[in-house]
Each structure stands twice: as C-alpha cells, then as structure tokens.
Amino acid sequence: MKIGLTYDLRSDYLKQGYSLEETAEFDKESTIEGIEQAIALAGFQTERIGHVQSLMKMLLENKRWDLVFNIAEGLYGEGRESLVPALLDAYKIPYVFSGPVTLGIALNKAFAKQIVRDSDVNTPAFHVVSQLSDINEITLEYPLFAKPISEGTGKGIDAASVINSKKELAIVCTNLLKKFNQPVLVEEFLPGREFTVGVLGSGQAAYVPGAMEIIYNKETENFYTYNNKENYVGRVAYEPVKGDLLEECKYVSLNAWRALNCLDGGRVDVKIDRTGKISFIEVNPLAGLNPVISDLPILCQLNNISYQQIIDAILKSAITRHFN
Numbered sequence: 023m024k025i026g027l028t029y030d031l032r033s034d035y036l037k038q039g040y041s042l043e044e045t046a047e048f049d050k051e052s053t054i055e056g057i058e059q060a061i062a063l064a065g066f067q068t069e070r071i072g073h074v075q076s077l078m079k080m081l082l083e084n085k086r087w088d089l090v091f092n093i094a095e096g097l098y099g100e101g102r103e104s105l106v107p108a109l110l111d112a113y114k115i116p117y118v119f120s121g122p123v124t125l126g127i128a129l130n131k132a133f134a135k136q137i138v139r140d141s142d143v144n145t146p147a148f149h150v151v152s153q154l155s156d157i158n159e160i161t162l163e164y165p166l167f168a169k170p171i172s173e174g175t176g177k178g179i180d181a182a183s184v185i186n187s188k189k190e191l192a193i194v195c196t197n198l199l200k201k202f203n204q205p206v207l208v209e210e211f212l213p214g215r216e217f218t219v220g221v222l223g224s225g226q227a228a229y230v231p232g233a234m235e236i237i238y239n240k241e242t243e244n245f246y247t248y249n250n251k252e253n254y255v256g257r258v259a260y261e262p263v264k265g266d267l268l269e270e271c272k273y274v275s276l277n278a279w280r281a282l283n284c285l286d287g288g289r290v291d292v293k294i295d296r297t298g299k300i301s302f303i304e305v306n307p308l309a310g311l312n313p314v315i316s317d318l319p320i321l322c323q324l325n326n327i328s329y330q331q332i333i334d335a336i337l338k339s340a341i342t343r344h345f346n
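This note's numbering puts the sequence shown at residues 23 to 346.
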C-alpha cells in the first residue's frame, strides 16, 4: 500500500515571511520524519505530498495513492482544515482522520460546543461575539473566558483572557475581533484542573489510551496560552490521570468524539467546572504528532504507549473504515 503524506511544514511558511504565531499550528520536519518512519515500520510505502497547493498540482498530474495520511492544517478561513479531505473525497481517495464536515465544525469552537451540548455532554455556557454590540446580550456569570472562535495552539489567549467585568470584556473582544478578524467565543470560566485526553479509533470502536493533567508553574497563567504552548519547557508539567478521574475524562471525551463523528485519532481537552464536574472545552481531530513535543504522543508515553503504537492504531482504524 502506498500512503501519501499531506502536511504544512512550518519552515516553508516562515521562509515566505509569515510570523511564528501565524505558523504556530504547522509541523516541524521532525514530525514528518517521525510519521514516515512509523508508517514504514508498519509495512507501508510513503510519498510526501505537502500542502494543499502541492496536492492539487499532483492530482492534476494524475498522481494517486492508496491512502493519504493527512495532517494539513491550512492557512486561511474556517474551511482551511477541510480543504484537503474535501479534495480527496472528490477524487475518491481514502484518507486518515476526520472528514471535511467534522473538521470544519471542530475548528469553529461554538459549532462544536452546540453539538456536544445537545448530546448531553457537559460544557460551559457560552456566547458568540461577532460584533462588539453582541456583548450587551451576554448574561453569563463572571468570570468569563474569551478566545478567537477558530484558532488553535493558544492563539489569542493570554493573561487578559480571564475576564471579570463588562469593561474588560469590551476591551478583550475589541482586540480579538480586530486582530483575528473572526468572532470571539465567550464562555463561563472553568476554574478547576485541566486535562487533555487522547482518543484512538472511530465510532463505537474509539477508546482512550490515556489522559494527562496539565500543571502550570506559579509564575505563568493557569491555562494554555499561546506562550505556554510554544514555550512549555519550564512552564508546564504533565502527569498521567488515573482512577475515577480518568473514567470521568473518558466519559466526556468519548461522548464528544462520537457526537462530532471524529475518526481514527486525536485529542479532547477538558477541565473541571465550578461544580466539580469534568467539562468539555474543545476537540482536536488533527492533533499534533511530533514524537517528542506533541501532547498526544506525550500523554500516550506517560501511559506506556509508544509512538509506533499510536501510528499503528491510527492506520488500523483508517484501513478498517476504508477497506474492510
């Protein structure tokens, strides 16, 4: 089986003049190398495709693959993560990970929360601010938390994201609306411990290989900011989750994963709410797969699951869906 690799290489975009923050979600060369090596050890041949423009060019040249391992995030618009799987669907080429509808919904945090909430999964009350006047409609209980509706890797999140008054809310929303040119998700702040939960597989076959608690040092913000994610060494520590707490994380994460029809592998972020219950924050159906620094491999390693086992499980899930 020949497996193509679609991805966005961070160094390519930095050379074009994009900033570190603009390219925060893109991959390092070591990520692509790690995936290639793991797929080869699983017994398959790989071919690098690259970003969506490269994919389009190769498709027009009649290049084809038995399966595509897609981790391309895209650069612009709310459909940026959906473009590669939508193109592959059009050419009837099977691929790994979720389809374009799920990726589009998951990227829009409010859409994802609506579906998860309507599936009886606990998530904080929220409001979408598309223009500054929308804050007059907010009746949520302070403190609040605000972030761009369709960004990842902590973009737009800093110490000011926790909001204690309408004045602060207006300032933060004004800044985010201007900087990111997209709506702002405002939700009731979750004050408790924070966890990220790995999920492998699809549908009823999906399972949690492990979860880890994210522990912040006393000198940094007590939540995942852009700074904390980019410079996590010394700022953040990770501990495996066990016992009843793990079971609560599993329940929320798997129900959210299945409600959103996520496939093959990824992560769900959860946190303890004001009543002490595990609450859904967001899902990442295109989770980072750097063997050393990405959360999914880290949490699996903490639970005695190797990087090779992660890739094997992802491939098995995708191949089962497409070919069995």
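Quick reminder that beta carbons are idealized off the backbone N, C-alpha and C, glycines included.
Model, not experiment: these values are computed from the prediction.
Whole-angstrom distance between residue j and residue i, CA atom to CA atom
i: proline 146; j: cysteine 271; result: 15 Å
i: phenylalanine 66; j: glutamine 153; result: 49 Å
i: valine 208; j: valine 150; result: 6 Å
i: alanine 23; j: aspartate 88; result: Correcting the residue type first, residue 23 is methionine in the shown sequence and not alanine. Rounded to whole angstroms, methionine 23 to aspartate 88 spans 6 Å at the Cα level.
i: glutamate 269; j: valine 263; result: 9 Å
i: isoleucine 185; j: alanine 108; result: 38 Å
i: isoleucine 25; j: glycine 288; result: 19 Å
i: leucine 348; j: isoleucine 54; result: Limits of the chain in this structure are 23 at one end and 346 at the other, which puts residue 348 out of reach.
i: lysine 114; j: serine 120; result: 15 Å
i: glutamate 190; j: aspartate 34; result: 38 Å
From the options, residue whose alpha carbon lies closest to that of residue i
i: serine 155; options: Pro205, Asp140, Lys177; result: Pro205
i: tyrosine 329; options: Ala340, Ile54, Val314, Ile341; result: Val314
i: arginine 257; options: Lys264, Lys240, Glu269; result: Lys240
i: leucine 77; options: Ala228, Ala94, Pro231; result: Ala94
i: serine 52; options: Leu198, Gly310, Pro107, Asn346; result: Gly310
i: leucine 162; options: Thr68, Lys188, Ala62; result: Lys188
i: alanine 60; options: Asn312, Gly176, Leu191, Thr196; result: Asn312
i: glycine 174; options: Cys195, Ala192, Tyr98; result: Tyr98
Cutoff 7 Å: residue i Cβ touching any chain B Cβ
i: asparagine 92; result: No chain B is part of this structure, which consists of one protein chain only.
Local conformation of residue i per DSSP, three classes
i: histidine 149; result: strand
i: valine 90; result: strand
i: isoleucine 137; result: helix
i: serine 76; result: helix
i: serine 172; result: coil
i: proline 165; result: coil
i: valine 263; result: coil
i: isoleucine 201; result: Correcting the residue type first, residue 201 is lysine in the shown sequence and not isoleucine. Note: lysine 201 maps to helix in three-state DSSP.
i: arginine 289; result: strand
i: glycine 178; result: coil
Environment of residue i [buried if 16+ CB atoms lie within 10 Å]
i: leucine 82; result: exposed
i: glutamate 103; result: buried
i: lysine 85; result: exposed
i: histidine 73; result: buried
i: threonine 342; result: exposed
i: alanine 181; result: exposed
i: threonine 297; result: exposed
Neighbourhood of residue i by C-beta, 7 Å cutoff - its chain only, sequence neighbours within 5 removed
i: alanine 132; result: Phe148, Val150, Ile171, Leu207
i: alanine 278; result: Val138, Val143, Val290, Phe302, Val305
i: arginine 280; result: Gly225, Ala228
i: asparagine 130; result: Glu100, Ile171, Ser172
i: alanine 64; result: Ile333, Asp334, Leu337
Sequence-distant residues of its chain with Cβ nearer than 8 Å to residue i (five each side left out)
i: serine 301; result: Asn144, Thr145, Pro146, Leu212, Val274, Val292, Lys293, Ile294, Asp295
Own chain residues within Cβ distance below 6 Å of residue i, not counting five before or after
i: aspartate 30; result: Phe48, His73, Ala94, Glu95
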